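Since the structure comes first, as structure tokens, the remarks are kept for the end.
What follows is the structure in structure tokens.
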């Protein structure tokens with residue numbers, strides 16, 4: 044779940060909406076949004092725009108980030124929508140609606156997000172909310188909102204490290220090495236590209252000269268995200284005859300620049316539901332298990348289960364604590380042993396990137 048701190052300006056990677064037709068990011072005829080306070084439950088009360096029933100249009104202008112990518116933008120203030128310093132803390136909702144054509148029916152999407160204090164504000168959007176943990180049975184009397192939010196923040200970081208990628212849209216500028224080939228591979232799926240500057244050039248490369256593999260349905264490119272150049276080139280100068288070939292990402296050090304939005308998300312820009320479930324299970328397990336034994340309680344045994352026992356010979360054989368270490372999954376033993384969580388991590392783990400040698404090209 045996304046979050047904004049009081050006084051924090053919204054960006055294209057926090058409260059946003061991706062509009063698609065047949066799996067392709069596509070601009071709409073009309074896109075509007077509202078922000079609602081639902082701290083006390085539904086239906087809630089409208090926060091923005093200030094006039095009840097009004098909608099803020101982001102069809103054009105700065106609220107329209109790239110093709111099919113819109114974000115909550117305050118047109119009058121000329122910046123991303125920003126919660127007031129007195130905005131109630133807790134769950135809010137951004138309501139989106141769009142039309143493909145003037146005569147079409149509205150398509151609507153509602154997305155919950157959290158308003159946090161300035162101290163707890165983070166540029167990272169959380170995959171689950173405090174309310175999700177409450178709905179799972181953990182009461183505020185036993186675990187404060189601050190404790191729950193701290194656990195969500197910490198174990199989301201673990202989940203991202205275990206999967207080697209993140210699961211919400213994040214707008215970034217990548218500077219990467221050229222490989223002397225026509226393809227750049229990425230370790231995290233591409234949602235959209237704002238611009239591409241190749242081979243140390245300062246101007247933006249023509250969008251018709253490259254393809255972005257960013258499909259998330261069929262074909263699903265999230266397992267192999269890449270940008271491929273498709274343009275041939277003609278190299279002419281006064282000293283030699285014209286040379287013909289294809290454009291390449293020339294070999295070099297951080298000589299390719301890409302600005303775009305990246306993250307493993309579903310077609311509507313949301314976090315995969317299985318990732319949300321895995322994070323929820325980890326957070327609940329860690330909160331309820333506790334770090335230390337309570338005062339007066341018997342400390343946990345350092346020994347494992349009894350594997351063999353002899354009565355007359357007085358011999359006993361213990362297994363390793365928590366089971367056979369050799370059967371545990373590398374890197375996760377001692378953190379989480381829930382088979383469902385481990386399988387979800389395995390399913391969503393990004394492939395390891397392997398660099399291959401490339402030779403300098405002069406053609």
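In the numbering used here, the protein residues as written are 44 to 406.
For each residue, glycine too, the CB sits at the ideal point set by N, CA and C.
As the structure is a computational prediction, the values presented were derived from the model and not from experiment.
- How many angstroms separate the CA atom of residue 326 from the CA atom of residue 231? 24 angstroms
- Message: Please classify residue 261 as buried or exposed, where buried requires at least 16 neighbouring CB atoms within 10 angstroms.
- Response: exposed
- Item | Euclidean distance between Cα positions of residue 252 and residue 112 | In a straight line, the C-alpha of residue 252 is about 21 angstroms away from that of residue 112.
- Message: Short of 6 angstroms in beta carbon distance, which residues of its chain neighbour residue 100, apart from the five on each side in sequence? Order them along the chain.
- Response: 75
- Query: Closest by CA to residue 180, which one among 389, 324, 395?
  - Reply: 324
- Query: In terms of alpha-carbon separation, which member of 234, 256, 198 lies closest to residue 319?
  - Reply: 198
- DSSP state of residue 71 mapped onto helix, strand, coil: Coil, per DSSP.
- Between the CA atoms of residue 234 and residue 273 - distance to the nearest angstrom: 20 angstroms
- Measure the C-alpha to C-alpha separation of residue 132 and residue 117 and round it to an integer number of angstroms. 20 angstroms
- Message: For residue 307, count the other beta carbons within 10 Å of its own beta carbon; 16 or more makes it buried, fewer makes it exposed. Which is it?
- Response: Buried is the call here.
- Item | For residue 244, the nearest candidate out of 257, 291, 204 (CA to CA) | If we check each option's Cα against that of residue 244, 291 comes out closest.
- Taking just the CA atoms, how far does residue 155 sit from residue 392? 26 angstroms
- Item | Residue closest to residue 78, alpha-carbon to alpha-carbon, out of 69, 139, 63, 84 | Looking at the Cα atoms, 139 is the closest of the given residues.
- Taking C-alpha atoms, which residue in 84, 48, 321 lies nearest to residue 201? 321
- Going by Cα to Cα distance, which pick from 269, 223, 389 is closest to residue 303? 269
- Message: Whole angstroms are fine: how far does the CA of residue 227 sit from the CA of residue 215?
- Response: About 16 angstroms.
- Opposing strand residues paired with residue 154 [DSSP bridges]: 137
- Item | Option nearest residue 209 by Cα separation, candidates 386, 169, 263, 60 | 169
- Message: Strictly by DSSP, which residues pair up with residue 247?
- Response: The partner list for residue 247 (beta bridge, DSSP) is empty, contrary to what the question assumes.
- Item | Outcome for residue 109 when other beta-carbon atoms lying within 10 angstroms are tallied against a minimum of 16 | Within 10 angstroms of the beta-carbon of residue 109 lie 16 or more other beta-carbons, which makes it buried.
- Query: Heavy atom of the ligand GTP less than 7 angstroms from the Cβ of residue 331, yes or no?
  - Reply: In terms of ligand content, the structure shown is empty, and the ligand GTP therefore cannot be addressed.
- Message: Please state whether the Cβ-Cβ distance between residue 53 and residue 115 is less than 8 angstroms.
- Response: Cβ distance < 8 angstroms, so residue 53 and residue 115 count as in contact.
- Rounded to a whole number of angstroms, what is the C-alpha to C-alpha distance between residue 246 and residue 240? 6 angstroms
- List the whole-angstrom C-beta distance separating residue 134 from residue 82, where the pair is believed to meet the contact cut-off of C-beta under 8 angstroms. 6 angstroms
- Nearest-angstrom Cα separation, counted from residue 191 out to residue 177: 9 angstroms
- Query: Mind checking residue 267: buried by the 16 CB within 10 Å criterion, or exposed?
  - Reply: exposed
- Given residue 394, which residues of its chain have a CB within under 6 angstroms of its CB, disregarding the five upstream and five downstream residues? none
- Kindly indicate which three-state DSSP category residue 106 falls into: helix, strand or coil? helix
- Beta-carbon spacing of residue 298, residue 242 below 8 angstroms: yes
- Message: Looking at residue 66: is its Cβ nearer than 8 angstroms to the Cβ of residue 312?
- Response: no
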